[in-house]
Amino acid sequence: MSAGSDILLQVEGLEAGYAEIKALLGIDIELRRGQIVTLLGANGAGKTTTLKTISGLVRATRGTIRLMGEDITGTPAHQIARMGLVHVPEGRHILRGLTVQENLELGAFAERSAETRRRQMDEVFDLFPILKERRKQDGSLLSGGEQQMLAMGRALMQKPKVLLLDEPSMGLAPKLVTETMKIVKRLNEAGTSILLVEQNARVALRLADYGYVLETGRIRMENTAEKLREDSSIIEAYLGE
Amino acid sequence: MTTFDILAQQLVNGLVLGSFYALVALGYTMIFGVIKLLNFAHGDVYMIGGFVGFAVLSLVGGLVGTGWGGIALSMFVSMIAVGFLGVVIERIAYHPMLAAPRLSILITALAVSLVLQNSVLALTGGEFTAFRTNLGFGGIALGGVFITYNQMVLVGMAAILMLALETFVTRTQYGRAMRAVSIDKDMCRLMGIDVTKIIAVTFLIGSALAAAAGTMAGAYYGSIWYFMGFLIGLKAFTAAVIGGIGSIPGAMAGGLILGLLEAFGTQIPFIGSEWKDVFSFSILILVLVFKPTGLFGKSEVERM
Ligand SMILES: Nc1ncnc2c1ncn2[C@@H]1O[C@H](COP(=O)(O)OP(=O)(O)O)[C@@H](O)[C@H]1O
Ligand SMILES: [Mg+2]
């Protein structure tokens with residue numbers, strides 16, 4: 001078996017930060033084909049920074065990021081996105097003043113054929129019928145749950161091979177959290193490999209194959225989700241809950 | 001002439017003036033949208049547009065005539081040339097400053113304005129250049145109001161350009177991306193949009209619209225000079241603020257509103273036309289004080 005062949009995303013010794021602070025102090029993460037891997041940690045641990053550095057929004061100061069074997073460290077974010085690594089950011093970032101349909105359409109920005117875009121949009125509408133009903137409305141005026149669907153639908157328009165999800169359950173009512181996680185599961189079953197950031201460890205570990213626990217810019221613990229579930233007391237200590 | 005006729009005549013004058021303001025205000029507002037810069041050089045880009053249009057008409061006028069056909073052709077060439085000038089200005093002057101503090105790029109814009117003005121000053125010696133055309137003085141009388149064909153063509157061309165822009169921003173991926181870039185650049189990057197390229201496209205279109213206005217204004221008023229962009233730059237800024245800076249429909253509406261207010265303002269006793277600029281800038285101050293987000297502005301306006 002060739003060792004690296006099914007590793008879609010490989011992060012090694014990653015360091016990054018902002019003007020004032022170093023937020024990541026050396027992170028190693030692997031995501032294999034078909035997996036859901038979760039990144040857990042308390043507020044401020046560096047989860048969002050990790051995703052932003054992988055997707056190219058934050059510059060890596062050290063370490064390497066490989067996507068399907070190709071070194072993408074330092075590649076501009078829009079090119080990384082076009083390679084199939086799609087990042088749904090924390091807070092969803094629905095484009096205010098643009099309709100639901102326009103938000104989706106821009107998801108497929110790199111797709112030139114309007115016909116293909118329409119077909120992809122129909123697939124998204126099949127998955128989230130409510131978006132079809134709301135397609136003429138300003139996307140930023142949808143409810144929290146609907147915005148999360150729009151954010152995911154927009155990501156699907158990009159035909160992701162690897163999906164980075166930053167706290168998709170944030171701010172949602174418990175029922176919608178369950179709903180969102182079902183969708184994550186479904187996308188995974190349809191063949192998308194997912195790196196899922198969550199503060200809600202229980203919810204994430206129920207879904208994931210493997211998990212990392214991040215604390216102030218370092219990986220403190222990693223194991224199969226099954227093992228981590230058994231150890232949930234320790235995790236919660238790290239999560240500060 | 002009855003009072004009604006006088007007001008109706010000012011309505012026509014206001015529409016013509018407002019068309020120029022709107023075309024220049026659009027570039028102002030679009031550029032503000034994508035890089036949050038008050039591009040003080042935008043009025044000078046309009047001036048360059050007038051000169052390029054004049055130069056083209058001087059070259060081809062003998063062949064195609066200097067009526068509206070020849071002017072439209074010169075305007076088109078000027079739009080393309082000045083559009084690319086806008087892209088070059090952005091690339092050389094503004095792009096390196098995007099990460100710098102906001103005041104730096106604002107000062108850069110003032111420098112660009114001086115460079116453009118002084119280049120033309122050096123070439124023309126500061127004299128007015130006659131923009132010779134053979135536009136007639138014909139028109140139609142509607143009751144007591146006389147509308148020249150020139151006014152009709154001019155307002156018509158401005159309307160076509162604005163309609164084209166509206167179609168671009170709502171119906172094409174690049175147009176949608178332009179609106180998206182003015183809202184959330186990082187999200188755009190995550191969607192695979194090359195933000196640098198969209199900013200370049202914005203300068204291309206904004207500068208081309210200013211060039212169209214510059215050529216039309218030169219042909220309509222019959223002369224051009226190096227300082228012609230100064231006042232219209234300030235007026236376009238005022239129009240953009242009235243409409244809500246960053247808003248494309250706002251710039252169109254703001255331009256027309258300002259043109260109409262100025263035209264009617266000249267009819268207010270004791271104000272007269274020599275006071276019309278004071279009148280405009282008083283409106284700017286009133287809007288900034290009482291409704292800084294303008295008519296169409298949604299978000300909070302960032303203070304400069
Ligand atoms: N834009 C920013 N500028 C400066 N510091 C930031 C910025 N974003 C995050 N940080 C800091 O980086 C650290 C990691 O934050 P973040 O990656 O957002 O953590 P998490 O997503 O795990 O809550 C924190 O100390 C946070 O204050
Ligand atoms: Mg976070």
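From first to last, the protein sequence lines stand for chains A and C.
So in this note's numbering, the last spot in the first sequence is 241, and the numbers never skip.
So in this note's numbering, the last spot in the second sequence is 304, and the numbers never skip.
Every residue, glycine too, gets a C-beta built ideally from N, C-alpha and C.
Taking a cut-off of 5 Å from the heavy atoms of ligand 1, the residues with a C-beta inside it are A:TYR18, A:ALA23, A:ASN43, A:GLY44, A:ALA45, A:GLY46, A:LYS47, A:THR48 and A:THR49. Per DSSP, A:GLY171 lies in no alpha helix (DSSP H) segment and is marked neither H nor E.
Placement of the Cβ of A:GLU198 at a distance of 7 Å or more from every heavy atom of ligand 2 is found. Relative to ligand 2, even the nearest heavy atom lies 7 Å or more away from the CB of C:GLU166. Cβ neighbours of A:LEU214 within its own chain (closer than 8 Å, five residues either side excluded): ILE27, LEU39, LEU40, GLY41, ALA45, GLY46, LYS47, THR50 and ARG220.
A Cβ-Cβ contact shorter than 8 Å links C:VAL82 with C:ALA211. For C:ILE245, none of the residues of chain A pass the 8 Å Cβ criterion, the least Cβ distance being about 14 Å. Beta-bridge partners assigned by DSSP to A:ASP231: none are found.
Linking C:PHE84 to C:PHE227 through their CA atoms gives a straight-line distance of about 22 Å. In terms of CA proximity to C:ILE232, C:LYS276 leads the group C:THR266, C:LYS276 and C:GLY192. Segment contact: the segment 57–64 of chain C against the segment 261–275 of chain C, fewer than three CB-CB distances shorter than 8 Å; contact not assigned. Three or more pairs of CB atoms, one per stretch, sit closer than 8 Å, so the segment 159–171 of chain A contacts the segment 189–198 of chain A.
A:ARG218 is bridged by DSSP to A:GLU215. The segment 8–22 of chain A and the segment 60–71 of chain A touch, with three or more beta-carbon pairs separated by less than 8 Å.
Not one beta carbon of chain A lies nearer than 8 Å to the beta carbon of C:ILE199.
Interface with chain C (8 Å Cβ-Cβ cutoff): A:ARG229 is excluded.
In this structure, ligand 2 has no non-hydrogen atom nearer than 7 Å to the beta-carbon of C:GLU90. Contact with chain A is found for C:GLY192, since one of that chain's Cβ atoms lies less than 8 Å from the residue's Cβ. Of all alpha-carbon atoms in C:GLY49, C:ILE193, C:ASP186 and C:VAL24, the one lying nearest the alpha-carbon of C:GLY175 is that of C:ILE193.
Scanning the segment 123–154 of chain A for uninterrupted alpha helix (DSSP H) segments of 4 residues or longer gives 129–133, listed from N- to C-terminal end. In this structure the segment 122–132 of chain C does not lie against the segment 182–201 of chain C, because fewer than three pairs of beta carbons, one per stretch, are closer than 8 Å. For C:ASP186, the CB stays at least 7 Å from every heavy atom of ligand 2.
The beta carbon of C:LEU204 sits closer than 8 Å to those of GLY83, PHE84, GLY86 and VAL87, all from its chain and outside the five residues before and after it, given in chain order.
Counting the other Cβ atoms within 10 Å of the Cβ of A:LYS136 gives fewer than 16, which makes it exposed. Assignment of beta-bridge partners to A:ALA60 by DSSP yields A:ALA16. Neighbourhood of C:ALA240 in chain A, by CB distance below 7 Å: empty, with the nearest CB roughly 17 Å away.
In terms of Cα proximity to C:VAL195, the closest of A:LYS185, A:LEU57 and A:ALA114 is A:LEU57. Fewer than three pairs of CB atoms, one per stretch, sit closer than 8 Å, so the segment 226–233 of chain A makes no contact with the segment 12–19 of chain C. Taking a cut-off of 8 Å on C-beta distances, the segment 138–148 of chain C does not touch the segment 64–78 of chain C, as fewer than three cross pairs fall below it. Below the 9 Å Cβ cutoff, chain C contributes no neighbours of A:GLY144, its closest Cβ being approximately 17 Å away.
Contact residues of the segment 107–127 of chain A toward chain C are GLY107, PHE109 and ALA110 (C-beta to C-beta distance below 8 Å). Residues of chain C whose Cβ lies closer than 8 Å to the Cβ of A:LEU57 are, in chain order, ASP186, ARG189 and LEU190.
A:GLU167 has its Cβ nearer than 7 Å to a heavy atom of ligand 2.
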